[in-house]
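Counting in our numbering, the sequence shown runs from 186 upward without gaps.
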Amino acid sequence: METKVYTASHVEEAGKQLQKGELVAFPTETVYGLGALASNDEAVKNVYRVKGRPSDNPLIVHVASKQIEDWVLTVPEEAYPLMEAFWPGPLTLIFQAKEGVFAPTVTGGHSTVALRMPDQPLTLQLIEAAGFPLVGPSANTSGKPSPTSAEHVLHDMKGKIAGILDGGTTDIGVESTVLDLTDSEMPTVLRPGAVTPADLERVLNKNVRTGPTAIGEEAPKAPGMKYIHYSPKQPVYLITGEEKDWETLIKKVSAEGKTFGVLASEERIQRLQEMQRGKGSPLYSLGSKNIPEEASRRLYAGLRYFDEKNVDLILAEGYPKAGIGEAFMNRLEKASTFIYPSQESGEKSINGGGSMLY
Ligand code: TXA
Ligand code: MG
186 METKVYTASH
196 VEEAGKQLQK
206 GELVAFPTET
216 VYGLGALASN
226 DEAVKNVYRV
236 KGRPSDNPLI
246 VHVASKQIED
256 WVLTVPEEAY
266 PLMEAFWPGP
276 LTLIFQAKEG
286 VFAPTVTGGH
296 STVALRMPDQ
306 PLTLQLIEAA
316 GFPLVGPSAN
326 TSGKPSPTSA
336 EHVLHDMKGK
346 IAGILDGGTT
356 DIGVESTVLD
366 LTDSEMPTVL
376 RPGAVTPADL
386 ERVLNKNVRT
396 GPTAIGEEAP
406 KAPGMKYIHY
416 SPKQPVYLIT
426 GEEKDWETLI
436 KKVSAEGKTF
446 GVLASEERIQ
456 RLQEMQRGKG
466 SPLYSLGSKN
476 IPEEASRRLY
486 AGLRYFDEKN
496 VDLILAEGYP
506 KAGIGEAFMN
516 RLEKASTFIY
526 PSQESGEKSI
536 NGGGSMLY
């Protein structure tokens, strides 16, 4: 099928495609979503099929307003100040699902449903034009880095979906924070994003739990967390240490006769060039080390950049886990095969050497 690229003046037309049960990708402030009418079971099944996504991994429903009473069983008190503070924006809230509202496949057999109001005027118009909320998992092939531009979406989805609404490059670059509100005693962050636990606590005036995102902890509750994610073609070696660690790893990799690309801060790249390390290696800058927002914005484009490069592996730079750095590191760790140096000793495989931990 031909995949049409819609611009701002063709939102109505894109909405009509959605009404007919077609799939249309849309921009958000985080990443692009793969849209389908959340009431149309066939269309939602197609979303899973086109992405190659396991059907027990539920989808986020995107709404165009804060009036959500029709969509969920009950709205807990905590939801109101959160919607006031962060909607439209990169915060997804999990509620008890109301039966018969959305197509059964939306929730993947779970009793809860995830809602979010994206901060992207074009997409809010698209939801209005479609006349019903839209499911919107990230518009990438399952397991690949999420798309942060219309080109990324076309790379993965061209010929498979009816259209894409082009809103340019996304602002934030990593997916929304997912907050489980179904136990009001204990709001729990299931996926870190641009809205941090400290932001949530400030608004709620109570403690927010951070869910199990670390490897080896109890079974993650966000079903998506157990699958492999965000992976480029080559293995990623994540370096969380300092200059000497880069030196050690580059020496080791070179001794093994392997070629590598570098995904790192501007400062790190400059330093490697000064030291004449990795001459001729493809380099992708994440911007200044002091601006984790920039690194988050560029992360997925950076991982995708190496798909076209003929290297054996990617050396990637770790950032401090503060603010959005937490979400950045969460995604980068999931994309990585090795973390170096490990907290214990030497090199450590964090994803079982690329197995299906996530
Ligand atoms: O920023 C975003 O959230 C993007 C844009 C397009 O809105 N969407 C996105 O969707 O990242 P997706 O489907 O790739 O990720 C949804 C995450 C998954 O980890 C999924 O397991 C979790 O939200 N999730 C969805 N419904 C859930 C539910 N009822 N309970 C727990 N986790 C849920
Ligand atoms: Mg995704």
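Just so you know, even glycine gets a beta-carbon here, dropped at the ideal spot from N, CA and C.
Quiz item: Is Ser527 near ligand 2, going by C-beta to nearest heavy atom under 7 Å?
Solution: With a cutoff of 7 Å, Ser527 does not count as near ligand 2, since its C-beta is closer than that to no heavy atom of the ligand.
Practice problem: Taking Leu471 as the reference, give the member of Phe211, Gly321, Glu502, Gly463 with the closest Cα. | Solution: Minimum Cα distance to Leu471 is reached at Glu502.
Quiz item: If you draw a straight line from the C-alpha of Val286 to the C-alpha of Leu319, how long is it?
Solution: Rounded to the nearest angstrom, the gap between the Cα atoms of Val286 and Leu319 is 12 Å.
Self-check item: Simplified DSSP state of Ile454, which is helix, strand or coil
Solution: In this structure, Ile454 counts as helix in the three-state DSSP scheme.
Quiz item: Skipping 5 residues on each side, what residues in its chain have a beta carbon closer than 7 Å to that of Met371?
Solution: Excluding positions up to five away in sequence, the list reads Arg394.
Exercise. Quick one: residues in its chain with C-beta nearer than 7 Å to the C-beta of Gly316, no 5 flanking neighbours on either side, listed in chain order?
Key: The residues are Gln204.
Self-check item: Start-to-end residues for the alpha helix (DSSP H) that takes in Tyr233
Solution: The continuous alpha helix (DSSP H) containing Tyr233 extends over residues 226-236.
Quiz item: What do you reckon, is the C-beta of Glu360 under 7 Å from a heavy atom of ligand 2?
Solution: For ligand 2, at least one heavy atom lies less than 7 Å from the Cβ of Glu360.
Quiz prompt | Given Ser327 as reference, the closest of Gly348, Leu244, Arg238, Arg301 once Cα atoms are compared | solution = Closest by alpha carbon: Arg238.
Practice problem: Please confirm whether any heavy atom of ligand 1 lies closer than 7 Å to the CB of Tyr265. | Solution: Outside the cutoff, so no.
Practice problem: Check whether the Cβ atoms of Thr355 and Thr192 sit closer than 8 Å, and answer yes or no. | Solution: Going by beta carbons, Thr355 and Thr192 fall outside the 8 Å limit.
Quiz item: Is Ser331 near ligand 3, with its Cβ less than 7 Å from a heavy atom?
Solution: Of the ligands this structure carries, namely ligand 1 and ligand 2, none is ligand 3.
Quiz item: Taking just the CA atoms, how far does Asp341 sit from Leu517?
Solution: C-alpha of Leu517 to C-alpha of Asp341: approximately 20 Å in a straight line.
Quiz item: So Leu364 and Leu278 are in contact, right, with Cβ under 8 Å, and what is the actual spacing, rounded?
Solution: Yes, Leu364 and Leu278 are in contact; Cβ-Cβ is about 6 Å, under 8 Å.
Exercise. Just list the alpha helix (DSSP H) runs in the segment 306-389, keeping only unbroken ones of 4 residues or longer that don't cross its boundaries, in chain order.
Key: Runs found: 306-315, 335-342, 382-389.
Quiz item: Exposed or buried, which one is Gln305 when buried takes at least 16 other CB atoms within 10 Å?
Solution: Around the beta carbon of Gln305, 16 or more other beta carbons sit within 10 angstroms, so the residue counts as buried.
Exercise. Quickly, what does DSSP pair Gly446 with across the bridge? List them, please.
Key: Gly446 has Ile499 as its beta-bridge partners, per DSSP.
Exercise. Give the DSSP bridge partners of Thr395, in chain order.
Key: Answer by DSSP bridge pairing, in chain order: Val374.
Exercise. Check whether the Cβ of Gly321 lies closer than 7 Å to any heavy atom of ligand 1, and answer yes or no.
Key: Yes.
Exercise. Would you tell me roughly how many angstroms separate the C-alpha atoms of Ala608 and Ser323, rounded to the nearest one?
Key: Any property of residue 608 remains undetermined from this structure, which presents the chain solely from 186 to 543.
Quiz prompt | Own chain, CB closer than 7 Å to Asp430, minus 5 neighbours either side, in chain order | solution = Ile424, Tyr525, Pro526, listed in sequence order.
Self-check item: Per DSSP, cross-strand counterpart(s) of Leu219
Solution: Per DSSP, the beta bridge partners of Leu219 are Ala210.
Quiz item: If you draw a straight line from the alpha carbon of Leu488 to that of Asn495, how long is it in whole angstroms?
Solution: So the two alpha carbons sit approximately 13 Å from each other.
Quiz prompt | Residues of its chain near Leu258, where Cβ-Cβ distance is below 6 Å and the 5 sequence neighbours each way are ignored | solution = Excluding five sequence positions before and after Leu258, the CB atoms of its chain that fall closer than 6 Å to its own CB belong to Gln281, Lys283, given in chain order.
Quiz prompt | Candidates Asp384, Thr308, Asp368, of which the one nearest Glu262 by Cα | solution = The residue from Asp384, Thr308, Asp368 with its alpha-carbon nearest to that of Glu262 is Asp368.
Practice problem: Pull up the distance between the alpha-carbon of Ala520 and that of Asp351, whole angstroms please. | Solution: C-alpha separation (whole angstroms): 26 Å.
Quiz item: Does the distance from the C-beta atom of Ile349 to that of Val209 stay below 8 Å?
Solution: If you check the CB distance, Ile349 and Val209 come in under 8 Å.
Quiz item: When the Cα atoms are used, what is the spatial distance from Arg482 to Lys201?
Solution: Approximately 31 Å between the Cα atoms of the pair.
Self-check item: Whether Asp226 touches Ala288 by CB criterion (8 Å)
Solution: Between Asp226 and Ala288, the C-beta gap is smaller than 8 Å, which places the two residues in contact.
Quiz item: Between which two residues does the beta strand (DSSP E) carrying Phe280 extend?
Solution: Going by DSSP, Phe280 is part of the beta strand (DSSP E) stretching over 276-281.
Quiz prompt | Bridge-paired residues (DSSP) for Val190 | solution = Secondary-structure assignment with DSSP links Val190 through a beta bridge to Ile349.
Practice problem: For Ile435, name the three-state secondary structure that DSSP assigns. | Solution: Reduced to three states, the DSSP call for Ile435 is helix.
Quiz item: Expressed to the nearest angstrom, what Euclidean distance is found between the alpha-carbon atoms of Pro273 and Arg456?
Solution: Pro273 and Arg456: Cα-Cα distance of roughly 40 Å.
Practice problem: Would you identify the three-state DSSP class for Tyr504, choosing helix, strand or coil? | Solution: Coil.
Exercise. Could you spell out the range, first to last residue, of the alpha helix (DSSP H) harbouring Val196?
Key: Taken as a continuous stretch (DSSP letters only), the alpha helix (DSSP H) holding Val196 covers 196-204.
Quiz prompt | Sequence-distant residues of its chain with Cβ nearer than 6 Å to Met302 (five each side left out) | solution = If we look at Met302 and ignore the five residues flanking it on each side, its Cβ neighbours are Val248, Trp272, Pro273.
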